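**Q** Got a structure for you, written out below as structure tokens; questions coming shortly.
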Amino acid sequence: LEAADSARALEGYGAAAEAARLALQEWAPLEQRQDEARMALQLALRGGEPHALELALAEAGEAGLTGDFQDELVAEAREALEAARARHRADEEAAARLRQAMAAGEIDKLRAAMECCRERQLPIREAQHM
Numbered sequence: 032l033e034a035a036d037s038a039r040a041l042e043g044y045g046a047a048a049e050a051a052r053l054a055l056q057e058w059a060p061l062e063q064r065q066d067e068a069r070m071a072l073q074l075a076l077r078g079g080e081p082h083a084l085e086l087a088l089a090e091a092g093e094a095g096l097t098g099d100f101q102d103e104l105v106a107e108a109r110e111a112l113e114a115a116r117a118r119h120r121a122d123e124e125a126a127a128r129l130r131q132a133m134a135a136g137e138i139d140k141l142r143a144a145m146e147c148c149r150e151r152q153l154p155i156r157e158a159q160h161m
């Protein structure tokens, strides 16, 4: 009877060990994917480009990073993306003002638009073609 109980216990242990092994096989690639997503977020944050931030945030979402307290990097990247988008919109508006002033041929508006581009550190030649 004791041998039968021991055999059943070992069978249960074997099933539990197999379940643990399978869970570990699923967890390890997920952990690696999350680490890679965090690295992508760090690189995108350094560059500050909207498209890179969007891609890194999408990858983080696919890897299961949510932006909660454990994944502050996601929250930081979201904030950086909004700031980058705002800068991009402001640059486009400055470039549009420059093009409109050039088309109108009004010197005062052209000077103001050029000054705005300089303040934004937006090269005048590039602004003409944005």
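Taking my numbering, the leading residue of the sequence shown gets 32, the next gets one more, and so forth.
Beta carbons: idealized from backbone N, C-alpha and C, even for Gly.
Model, not experiment: these values are computed from the prediction.
(1) What would DSSP say about G79, mapped onto helix, strand or coil?
(2) Taking the alpha-carbon of L72 as reference, which of A89, P60, Q63, A134 has the nearest alpha-carbon?
(3) Write down every uninterrupted run of the alpha helix (DSSP H) in the region 78-154 whose length is 4 residues or greater and which is fully enclosed by it, in chain order.
(4) If I measure Cβ to Cβ from A174 and keep anything under 8 Å in the same chain, skipping five residues before and after, which residues do I get?
(5) Given a cut-off of 8 Å, decide if A144 and R128 are closer than it, judged by their beta-carbon atoms.
(6) Hey, Q65 and G92: beta-carbon distance below 8 Å or not?
(7) Roughly how many angstroms separate the alpha carbons of E107 and M133, rounded to a whole number?
(8) For R109, tell me which candidate among C147, A125, P81 has the shortest Cα-Cα distance.
**A** This is what the structure gives:
(1) Within the sequence shown, residue 79 is the residue found at index 48, counting from 1. When DSSP states are grouped into helix, strand and coil, G79 belongs to the coil group.
(2) Here residue 72 is taken as the residue at index 41 of the sequence shown, counted from 1. The shortest Cα separation from L72 among A89, P60, Q63, A134 belongs to A89.
(3) Segments of the alpha helix (DSSP H) lying fully in the region 78-154: 81-93, 103-135, 138-150.
(4) Only positions 32 to 161 of the chain appear in this structure, which leaves residue 174 out of reach.
(5) Numbered from its first residue, the sequence shown carries residue 128 at position 97. Numbered from its first residue, the sequence shown carries residue 144 at position 113. Their beta carbons are under 8 Å apart, which means R128 touches A144 by this criterion.
(6) For the purposes of this step, residue 65 is identified with residue 34 of the sequence shown, where counting begins at 1. For the purposes of this step, residue 92 is identified with residue 61 of the sequence shown, where counting begins at 1. No, Cβ-Cβ distance for Q65 and G92 is not below 8 Å.
(7) On the sequence shown, residue 107 is found 76 positions in, with the first residue counted as 1. On the sequence shown, residue 133 is found 102 positions in, with the first residue counted as 1. C-alpha of E107 to C-alpha of M133: approximately 39 Å in a straight line.
(8) Your numbering for residue 109 matches position 78 in the sequence shown. For R109, the nearest C-alpha among the options comes from P81.
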